[in-house]
DNA sequence: TCCTGTTGGTGTCAAATATACACAATTATA
DNA sequence: TATAATTGTGTATATTTGACACCAACAGGA
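Chains as they are written, first to last, in this note's numbering: chain B, 1 to 225; chain U, 1 to 225.
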């Protein structure tokens, strides 16, 4: 049973990268340089080569298009509707990742595609069915935050409890009680004080950092009811 | 940017079908009639045609190979490692479904492939990387049961609380307290008494049925801690 | 027919967890 | 130095979970 006898779907990978920036949730998008959808924004991605795994392809595309490397990818969903790409039948395996914004300079992509962060709440029109993929990724992110402490992966290395709570509230879309939030996070034993303080308007806030040795454990743990 | 210029991966769909039969969890497998892995058992599936969606392909293959139709499929994961199929580069999108055993006669497949139920706890050696896919599906099923009331989808139309609890216990791999289990299930308001009883050894047991109008609601709800 | 084995069905109390809620402490800035 | 803004803290109540033991109803065999 040969494999190349009749027309078959092509396969791409797309990677949704979220971060926390400017007090809101943002996503990394690239501006398309070629047709179709030339000049429109889209989720970074590209075709899977014959000799690379899906995850390798996702990491390669990400590096080529955005300069981003060394991120932890999680498979999101595979979108395969017939009409989703005007070039022909293309099935895309979507991945997503959470990264701290300061680690990434979107303009470092080696093929100089224009890449930039966009607010999740005010994204540009997107190519293909990428708006749908983005919506699905958002839903998954909310789900993930409800069940785990994943928000740390979005924040910078040190952060205050106020910032952490703000991130949870915006992503989950509901207000949380300050005292209950702090108690839950602190008793979960996944962050530690750095000893430093962040100053600004109002009383200075303690800075915390995520306990890296708790990553694996935390990823499986349920934090919010 | 043409789509057919260089070698690309092929795409298949595989469908893991679980049911509850003979007081255990079973999975539907088919015996391969052609190489590779001729004569070995495998998860039903096949190539995605150019003009059908992934889910359509999954339903079609399922009907062709097992006679099973009208099941609700959920996308599981996409497996795309380079060496997983000896015929060449094949990426497979795996789906899974929960069905009540009595609804299905595995031998009704139109191309007369041999299809049969196998215990999850004693499966035959499987072709390709299907053992891995099956293990992943099992994990997902357990996860699903922990978080929702999905076990109903496996049982026949009417069932006793004893049967329901037994299914949960075997799938989750732990014993549950009878009184607490009943309290939780009944207070969740997702099953109703039929009014009939099932007789047998010991005191007759009330029969219940799942409240179909609660399906959507229940799928999102968390039942076990 | 009655004894026995087997499975079905029920309530309570204690512990753990979640929720609601208000004010003093510390700084920047006007 | 007064004011505005933000951080940081404890307790009481309600809800949920977990542990636990006995009687009820039937089948089958003595």
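Note that beta-carbon positions come from the ideal geometry of N, C-alpha and C, so glycine has one too.
Since the model is a prediction, treat every value here as computed from it, not as a measurement.
Counterpart residues of residue i in DSSP-defined beta bridges
| i | result |
| --- | --- |
| residue 130/B | Partner(s): none; residue 130/B has no beta bridge. |
| residue 84/B | The partner list for residue 84/B (beta bridge, DSSP) is empty, contrary to what the question assumes. |
| residue 19/U | 26/U |
| residue 63/U | Bridge partners of residue 63/U: none, in fact. |
| residue 54/B | Per DSSP, none; premise fails for residue 54/B. |
| residue 74/B | 96/B |
| residue 31/U | 41/U |
| residue 91/B | 11/B |
| residue 116/U | 29/U |
Straight-line gap, residue i to residue j (C-alpha atoms, nearest Å)
| i | j | result |
| --- | --- | --- |
| residue 183/U | residue 145/U | 17 Å |
| residue 24/U | residue 167/U | 7 Å |
| residue 59/U | residue 93/U | 13 Å |
| residue 91/B | residue 33/U | 28 Å |
| residue 247/B | residue 38/B | Coverage of chain B is limited to positions 1 through 225, which leaves residue 247/B absent and any answer about it impossible. |
| residue 197/B | residue 171/B | 25 Å |
| residue 147/U | residue 176/B | 23 Å |
| residue 204/U | residue 142/U | 30 Å |
| residue 89/B | residue 95/U | 20 Å |
| residue 123/U | residue 174/B | 46 Å |
| residue 71/B | residue 105/B | 13 Å |
| residue 19/B | residue 99/B | 5 Å |
| residue 178/B | residue 214/B | 23 Å |
| residue 153/U | residue 180/U | 22 Å |
| residue 1/U | residue 40/B | At residue 1/U the pLDDT is 45, less than 50, meaning the model places this residue with poor confidence and gives no usable figure here. |
| residue 207/B | residue 169/B | 19 Å |
| residue 121/B | residue 6/U | 39 Å |
| residue 212/B | residue 212/U | 45 Å |
| residue 47/U | residue 57/U | 8 Å |
Integer-rounded CB distance, given that residue j should sit under 8 Å from residue i
| i | j | result |
| --- | --- | --- |
| residue 151/U | residue 164/U | 6 Å |
| residue 137/B | residue 21/B | Incorrect: roughly 17 Å between the Cβ atoms, too far for contact. |
| residue 42/U | residue 126/U | 6 Å |
| residue 240/B | residue 139/U | Because chain B in this structure spans residues 1 to 225, residue 240/B falls outside the shown range and cannot be described. |
| residue 36/U | residue 87/U | 6 Å |
| residue 191/B | residue 209/B | 7 Å |
| residue 97/B | residue 134/B | Contact flag wrong, Cβ pair sits at about 14 Å. |
| residue 158/B | residue 199/B | Contact doesn't hold; Cβ gap of about 13 Å is too wide. |
| residue 61/B | residue 45/B | 5 Å |
| residue 188/B | residue 149/B | 7 Å |
Within the region 132 to 213 of chain B, note down every full alpha helix (DSSP H) run reaching 4 residues or more, in order along the chain.
Complete alpha helix (DSSP H) runs here, min 4: 161 to 172 and 178 to 188.
Check whether the region 58 to 72 of chain U touches the region 12 to 21 of chain U, counting contact only when three or more Cβ pairs, one atom from each stretch, lie closer than 8 Å.
yes
Can we say the region 20 to 35 of chain U touches the region 114 to 130 of chain U, given the rule of at least three CB pairs closer than 8 Å?
Yes: at least three Cβ pairs fall under 8 Å.
Do the region 75 to 94 of chain B and the region 38 to 54 of chain U touch if we need at least three Cβ pairs shorter than 8 Å?
Taking a contact to require three or more Cβ pairs closer than 8 Å, the region 75 to 94 of chain B and the region 38 to 54 of chain U qualify as touching.
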